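*Asks:*
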DNA sequence: CAATCAACCTGGGTGC
DNA sequence: TGCACCCAGGTTGATT
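Residue numbers (the working numbering): 164 to 436.
1. Which class does residue 335 belong to by DSSP, given the choice of helix, strand or coil?
2. Determine the DSSP secondary structure at residue 437, reduced to helix, strand or coil.
3. Apart from the five residues on each side of it in sequence, which residues of its chain come closer than 6 Å, Cβ to Cβ, to residue 242?
4. Here's the rule I'm using: 16 or more other beta-carbon atoms within 10 Å means buried, otherwise exposed. How should residue 457 be labelled?
5. With a threshold of 16 other CB atoms inside 10 Å of the CB of residue 388, please say whether the residue is buried or exposed.
6. Which residue spans inside the segment 313-389 form an unbroken alpha helix (DSSP H) run of at least 4?
7. Within the chosen definition, does the segment 248-255 reach the segment 300-309 through at least 3 CB pairs nearer than 8 Å?
8. Measure the alpha-carbon distance for residue 346 versus residue 323 and round it to whole angstroms.
9. Which partner residues of residue 129 appear in the DSSP bridge assignment?
10. I'd like to know whether the C-beta atoms of residue 196 and residue 235 end up nearer to each other than 8 Å.
11. For my contact list, residue 209 and residue 182 are in at a C-beta cut-off of 8 Å; report their separation, rounded to the angstrom.
12. Do residue 433 and residue 418 have their C-beta atoms closer together than 8 Å?
13. Taking the continuous beta strand (DSSP E) assigned at residue 278, which residues delimit it?
14. Do you know offhand how far residue 198's Cα is from residue 205's?
15. Can you give the beta carbon distance from residue 220 to residue 295, rounded, assuming they're within the 8 Å contact cut?
16. Below 7 Å CB to CB, which residues in the same chain sit around residue 379 once its five sequence neighbours on both sides are set aside?
17. Taking one C-beta from the segment 355-374 and one from the segment 257-266 each time, how about it: are there three or more such pairs within less than 8 Å?
18. Hey, residue 358 and residue 310: beta-carbon distance below 8 Å or not?
19. CA-CA distance, residue 244 and residue 256?
20. By the three-class DSSP mapping on this structure, what secondary structure does residue 170 have?
21. Is residue 289 helix, strand or coil when you go by DSSP?
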């Protein structure tokens, strides 16, 4: 579910709400969500640590804790991370609760794919983090870098955009939207794109991600922000999840195909093969 | 190297 | 109403 704009939204909200609070304990309802350390050690290791800051890397959330520890969270498809001060009954599918000195932070995840890691240092030993490519909204994601990656890959461009080692944080929604904005068919081979198309796509990626953030994320199914509220970017999507509806640019019916196992939406007129 | 598929899960939607 | 089946903002690992 959550891609870069959704995780960024949660990060910003949590940074404002829980920075400086102390974790007084954790309740684990589903042990497998703890990737590291052993679930039995998790509670005692995190207890008493203060949240010094909240960061994001790709689709990962990173909580800097006192004592040189880092809590890493990945929400995968349906994970929700919600901070609340009213301690009502926990919703279904809540698998982990952090008790804070003010309020609580809960991980609720219908599909149970989300994972958390509690590691020393800044999360450096979470190998999934080390492999990530550049942040698309940082200066590290240059046009030169992106064009070079395109040039040396025969993969379909959509698969390349979803590869977190190429660029971190793009998921199925924003890949479709970026390709549409750049006028590139999702099944094109990366190395077949012209320099002009590559530049347009580089620009489109940043554009659609910034828009998604401005709208506090896309809520199609399960996504809610750190306050439990839906985002609004679903109302601004041009192709994703809109099969059969007219393209906002040209009125052509939007098509849906399966690419690399993922539902893929595009406008056959704006994005010719 | 690239593509496909199964796994990991639950629940909503659809068609018979 | 029931049931079988497909689908879903992700990622990994096995196989072809």
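Cβ atoms here follow ideal geometry from the backbone N, Cα and C, with glycine treated the same way. Bear in mind that the values here come from a model prediction, so they are computed numbers and not experimental data.
*Replies:* So, from the data block:
1. helix
2. There is simply no residue 437 to check, as the chain begins at 164 and stops at 436 in what is shown.
3. 272, 277
4. This structure cannot settle anything about residue 457, because the visible part of the chain is limited to 164 through 436.
5. buried
6. 320-325, 335-345, 358-377
7. no
8. 16 Å
9. In the structure as shown, the chain starts at 164 and stops at 436, and residue 129 therefore has no counterpart that could be examined.
10. no
11. At roughly 16 Å, the Cβ-Cβ gap does not stay under 8 Å, so residue 209 and residue 182 are not in contact.
12. no
13. 278-283
14. 10 Å
15. 6 Å
16. 172, 388, 394, 395
17. no
18. yes
19. 12 Å
20. helix
21. coil
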